[in-house]
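Asker: Using the numbering used here, the letters of the sequence shown correspond one by one to residues 12 to 635.
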Amino acid sequence: MSEDLRIGVWVCECGGNISDVVEVPSVADQLEPEVAYVHRERYLCSSPSVEAIKAAVEEHKLDRVVLACCTPNMHTETFRSNLEQAGINSALLEIVNVREQCSWVHKEDHEGATLKTLDLIRGAIARIKESSPLESKVMEVSPEVLVIGAGVAGITTSLRLAEFGMKVHLVEKRPSIGGHMIQYPKVFPTLDCSQCILTPKMASINQSRNIDLLTYAEIKEVSGVPGDFDVKVWLKPRGVDVEACIGCGDCTRVCPISVPSEFNEGLSPRKAAYIPFPQAVPSVATIDMDHCIKCNSCVNACPPKCINLDDPGKEVELNVGAIVLATGFELYDIGSLAQYGYGKYQNVVTSLEMERILDVNGPTGSMIINPKTGETAKSVSFVLCAGSRDTEVGKAHCSRVCCLYALKQAQLIRDRGIDVWIHYIDIRAPGRRYEEFYAATQDKGVMFVKGKVTEIVPEGDRVLVRGEDMMINRMVENPADLVVLCPPIVTTEETLKLAEMLRVPVDEDQFVLERHPKLDPLATKRDGVFAAGAVIGPKDIQSTTAEAEGAAMKVVNFLSGERMIEPNKAYLAHSDLCDGCGECVDVCPENAIRLVGGKPVINEIMCTGRGARIPACPPYASDP
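Now the structure itself:
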């Protein structure tokens with residue numbers, strides 16, 4: 012080893028996660044002659060260990076550090092900040108992932124895992140010998156925030172940010188804010204009026220000076236870097252001047268065209284000129300250009316003359332420092348599973364359709380009827396996990412809230428004297444007062460059948476629910492006037508498009524992937540992009556609201572002080588060797604490299620220093 016360099020190596024046992032497979036003492040012994048200092052720790056990430064590292068750096072006058080432990084995604088920032096306090100530039104720290112890359116993947120080959128660990132550590136030592144200190148970058152950040160999605164998560168996040176004095180651009184794809192929550196007549200477990208809870212917050216959005224509300228809009232493009240995102244928003248042709256419309260509804264009354272109402276889940280019609288629901292925010296009309304026949308009836312009826320049927324739409328450009336994804340969920344297309352008869356039999360509806368049926372302002376005025384006869388239903392059956400928790404068809408994951416909202420709907424229906432049956436695999440009620448809510452449902456006389464439903468078939472004006480009853484170990488048939496399917500909660504198509512646009516990864520169920528599911532659940536894998544609510548995974552309103560509050564605080568912290576110090580990065584060197592092939596541009600996961608005049612230019616803010624360009628560079632023009 013060069014006399015000029017003093018390298019310290021720490022090997023973590025990770026409480027047995029590493030040391031149960033890798034021979035850590037042997038690794039330390041073999042490395043000892045090669046570096047200035049070697050030490051092994053039971054838990055390298057613990058506070059005493061971090062302090063011990065700082066002390067050893069000073070005592071042994073170390074100028075470079077190699078840590079052999081778990082993934083760098085876990086504790087890199089902790090190690091960097093503490094080593095900087097000890098005088099070690101963060102570019103002179105190497106973290107070797109021996110847990111994920113050695114012990115966890117080679118559990119049956121202790122010798123091989125140990126040799127691989129040594130090779131990786133020696134590679135890090137060789138790399139760090141050639142590393143140079145790098146200066147941190149300081150940049151101006153935009154103090155404005157983009158929140159995408161205006162359900163309860165987006166509304167809560169926006170209001171909290173506005174209270175901190177931040178400028179918020181709230182973008183919603185529908186004509187009104189409110190999301191799915193505004194569709195519910197009641198919420199569990201208190202059976203409070205959902206709209207009574209949410210509409211005051213919706214009104215606050217419209218009244219806040221710090222919130223720029225953009226409804227009937229979609230994100231078209233996002234560019235730039237964390238702290239300085241450039242966003243293009245497309246305001247779809249609405250045909251109505253939002254500032255001039257008084258929400259009188261005269262256009263709706265004279266419109267001759269009727270189409271299925273999205274708010275009522277297609278169970279009732281709306282006009283091509285419409286206000287989605289009575290409490291809509293903004294309370295203005297929208298002209299559905301896909302169905303408008305341009306008869307001018309609405310134009311002639313409009314008192315403020317604010318309708319323009321030739322509205323071309325408009326593009327708005329925003330500059331924001333942070334983005335919050337709050338795009339919510341949709342239900343799995345249960346019509347794709349033929350055994351349930353959805354879309355084939357009138358008597359089969361989804362749980363979201365039942366929410367609208369139970370609403371006094373819904374398609375039936377809250378009457379529970381047999382759709383084929385129009386008469387009051389005598390029995391209703393619920394099918395839980397319709398397409399959920401199934402590794403062969405549908406979705407493998409549990410949607411967490413289906414049991415609870417089914418119990419809620421069952422109570423509301425049972426209160427009208429209607430027989431209610433719930434077919435379930437397991438009733439899951441993990442939450443405050445949820446188990447008591449389950450017991451209250453049983454006390455009301457709702458009948459529970461444990462077992463999977465195999466098929467739903469017609470029987471006259473009713474349907475038969477066929478399935479297993481595991482309590483009596485036989486197949487059963489339940490006739491019902493109405494069957495309510497509880498499908499999986501899934502990610503929206505818009506969310507997947509946004510995730511690709513923002514370069515935010517999703518998990519195996521296609522929900523947005525958190526930076527860390529336990530330690531950093533509201534940040535995504537990309538700096539400056541946060542998430543809250545069902546976009547991360549299925550959850551109830553209480554959890555969604557808590558996440559939204561947390562996401563707002565994450566944004567405030569991220570943009571605090573109006574300046575952001577970027578961590579040290581590794582940049583391109585030896586440009587005289589570069590032949591302009593562009594391989595580095597293609598492999599960069601952050602899209603931080605572009606060719607200018609045939610030479611690569613790296614955006615220093617976007618670069619995360621992963622070094623993907625280094626092995627991809629044919630003439631070896633890239634330095635580590």
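For every residue, glycine included, the Cβ atom is placed at its ideal position computed from N, Cα and C.
Reducing DSSP to helix, strand and coil, say where T2 ends up.
Answerer: Since the first residue shown for the chain is 12 and the last is 635, residue 2 is missing from the structure and cannot be characterised.
Asker: If you check the beta carbons only, do L329 and V242 fall under 7 Å apart?
Answerer: Numbered from its first residue, the sequence shown carries residue 329 at position 318. Numbered from its first residue, the sequence shown carries residue 242 at position 231. Yes.
Asker: DSSP three-state label for M12, please.
Answerer: Translated into the one-based positions of the sequence shown, residue 12 becomes position 1. Below a pLDDT of 50, predicted positions are generally treated as unreliable, and M12, at 43, falls in that range; no measurement from the model is reported.
Asker: I need the DSSP call for Y435, collapsed to helix, strand or coil.
Answerer: Counting from one through the sequence shown, the residue named residue 435 turns up at place 424. Note: Y435 maps to strand in three-state DSSP.
Asker: Are there 16 or more other CB atoms within 10 angstroms of the CB of D203, so buried, or fewer, so exposed?
Answerer: The residue you call residue 203 lines up with position 192 of the sequence shown. Exposed is the call here.
Asker: State the Cα-Cα distance for the pair M12 and D597, rounded to the nearest angstrom.
Answerer: Mapped onto the sequence shown, residue 12 falls at position 1. Mapped onto the sequence shown, residue 597 falls at position 586. Note on M12: pLDDT 43, under 50, position unreliable in the model; no value is reported.
Asker: Could you give the DSSP three-state label for T619: helix, strand or coil?
Answerer: Taking the sequence shown and counting its residues from 1, the one referred to as residue 619 is at position 608. Of the three classes helix, strand and coil, the one that applies to T619 here is coil, per DSSP.
Asker: Rounded to the nearest angstrom, what separates F569 and T338 at their Cα positions?
Answerer: Walking along the sequence shown from the start, residue 569 turns up at place 558. Walking along the sequence shown from the start, residue 338 turns up at place 327. Taking the straight line joining both Cα atoms gives about 21 Å.
Asker: Got a sec, what are the start and stop residues for the alpha helix (DSSP H) L94 sits in?
Answerer: Numbered from 1 along the sequence shown, position 83 holds the residue referred to as residue 94. Run containing L94: P83 to Q96, per the alpha helix (DSSP H) assignment.
Asker: Do R473 and A488 count as a contact pair if the criterion is CB distance below 7 Å?
Answerer: Taking the sequence shown and counting its residues from 1, one reaches residue 488 at position 477. Taking the sequence shown and counting its residues from 1, one reaches residue 473 at position 462. The sequence shown places Glu at residue 488, rather than the Ala named in the question. Their beta carbons are not under 7 Å apart, which means E488 does not touch R473 by this criterion.
Asker: For the beta strand (DSSP E) holding A542, just list the boundary residues, first then last.
Answerer: Your numbering for residue 542 matches position 531 in the sequence shown. Here the beta strand (DSSP E) through A542 covers V540 to A542.
Asker: Between which two residues does the alpha helix (DSSP H) holding Y356 run?
Answerer: Mapped onto the sequence shown, residue 356 falls at position 345. Careful: Y356 lies outside any alpha helix (DSSP H) and carries neither H nor E.
Asker: Per the DSSP calculation, M486 is bridged to which residue(s)?
Answerer: Numbered from 1 along the sequence shown, position 475 holds the residue referred to as residue 486. The partner list for M486 (beta bridge, DSSP) reads E479.
Asker: I think P660 touches P248, with their Cβ atoms under 8 Å apart; what is that distance to the nearest whole Å?
Answerer: There is simply no residue 660 to check, as the chain begins at 12 and stops at 635 in what is shown.
Asker: Compare the Cα-Cα distances from W639 to each of G442, Q420, R443 and A440 and report the closest residue.
Answerer: The shown model of the chain, from 12 to 635, leaves out residue 639, and the question about it has no answer.
Asker: Which ranges would you report for the beta strand (DSSP E) in the segment 191-241 if only whole runs of at least 3 residues count?
Answerer: Listed in chain order, they are 222-225 and 228-236.
Asker: Would you decide whether Q553 is buried or exposed? Buried here means 16 or more other CB atoms lie within 10 Å of its CB.
Answerer: Here residue 553 refers to the residue found at position 542 of the sequence shown. Q553 is exposed by the Cβ-count criterion.
Asker: Along the alpha helix (DSSP H) that carries T168, what are the first and last residues, could you check?
Answerer: As a working mapping, residue 168 is identified with position 157 in the sequence shown. Counting along the chain, the alpha helix (DSSP H) containing T168 begins and ends at V163 to E174.
Asker: If you draw a straight line from the alpha carbon of V412 to that of I438, how long is it in whole angstroms?
Answerer: One-based indexing of the sequence shown puts residue 412 at position 401. One-based indexing of the sequence shown puts residue 438 at position 427. Approximately 10 Å between the Cα atoms of the pair.
Asker: Kindly list the residues whose CB is nearer than 7 Å to the CB of V251, restricted to its own chain and excluding five residues on each side of it in sequence; keep chain order.
Answerer: Translated into positions along the sequence shown, residue 251 becomes position 240. Excluding residues within five positions, the ones whose Cβ falls inside 7 Å are V295, A296, T297, I298, C317 and I318.
Asker: Determine the extent of the alpha helix (DSSP H) in which T555 is found, giving its start and end residues.
Answerer: Here residue 555 is taken as the residue at index 544 of the sequence shown, counted from 1. That run of the alpha helix (DSSP H) goes I552 to L570.
Asker: How close, in whole Å, do the beta carbons of V163 and L209 come, if the pair is a contact with beta carbons under 8 Å?
Answerer: Along the sequence shown, read from residue 1 onward, the residue named residue 163 stands at position 152. Along the sequence shown, read from residue 1 onward, the residue named residue 209 stands at position 198. With a Cβ gap of about 7 Å, V163 and L209 count as contacting.
Asker: For the structure I just gave you, are there three or more beta carbon pairs, one from the segment 587-597 and one from the segment 605-617, closer than 8 Å?
Answerer: The segment 587-597 is in contact with the segment 605-617.
Asker: Could you check where the alpha helix (DSSP H) with H121 kicks off and where it finishes?
Answerer: Within the sequence shown, the letter at position 110 stands for residue 121. It spans H121 to K140 - the alpha helix (DSSP H) in which H121 sits, taken as one unbroken run.
Asker: Under the DSSP definition of a beta bridge, which residues are partnered with D531?
Answerer: As a first step, residue 531 is located in the sequence shown; it is residue number 520 there, counting from the start. The partner list for D531 (beta bridge, DSSP) reads H527.
Asker: Under 8 Å Cβ to Cβ from E326, same chain only, skipping five residues before and after it: list those, please.
Answerer: In the sequence shown, residue 326 corresponds to position 315, counting from 1. Hits under 8 Å: K231, K243, V244, W245 and L246.
Asker: Would you kindly check if the distance between the Cβ of H434 and the Cβ of V464 is under 7 Å?
Answerer: Locating residue 464 in the sequence shown gives position 453, counting from the first residue. Locating residue 434 in the sequence shown gives position 423, counting from the first residue. Taking 7 Å as the Cβ cut-off, V464 and H434 qualify as a contacting pair.
Asker: Mind checking whether I106 and L78 have CB atoms under 7 Å apart?
Answerer: For this step, residue 106 is matched to residue 95 along the sequence shown. For this step, residue 78 is matched to residue 67 along the sequence shown. Against a cut-off of 7 Å, the Cβ pair of L78 and I106 comes out as a contact.
Asker: Can the beta-carbon of T226 be found less than 7 Å from the beta-carbon of P267?
Answerer: Your numbering for residue 226 matches position 215 in the sequence shown. Your numbering for residue 267 matches position 256 in the sequence shown. Not a contact, by the Cβ cut-off of 7 Å.
Asker: Going by the DSSP bridge assignment, what does D430 pair with across the sheet?
Answerer: Your numbering for residue 430 matches position 419 in the sequence shown. Answer by DSSP bridge pairing, in chain order: S390.
Asker: Using 10 angstroms around the beta-carbon of D551, count the other beta-carbons present and answer buried if the total reaches 16, otherwise exposed.
Answerer: Position 540 of the sequence shown, counting from 1, holds the residue named residue 551. Buried, because 16 or more other Cβ atoms sit within 10 Å of the Cβ of D551.
Asker: Pick helix, strand or coil for N311, following the three-state DSSP scheme.
Answerer: Walking along the sequence shown from the start, residue 311 turns up at place 300. Three-state result, N311: helix.
Asker: Drop a sphere of 10 angstroms on the beta-carbon of C207, count the other beta-carbons inside from all chains shown, and report buried for 16 or more, exposed for fewer.
Answerer: Translated into positions along the sequence shown, residue 207 becomes position 196. Counting Cβ neighbours within 10 Å, C207 comes out exposed, since fewer than 16 surround it.
Asker: So, at 7 Å on beta carbons, what are the nonlocal neighbours of A545 in its own chain, with the 5 sequence-adjacent residues on each side left out?
Answerer: Residue numbering aside, residue 545 sits at position 534 when the sequence shown is read from its first letter. Correct list, in chain order: G339, F340, I500 and T555.
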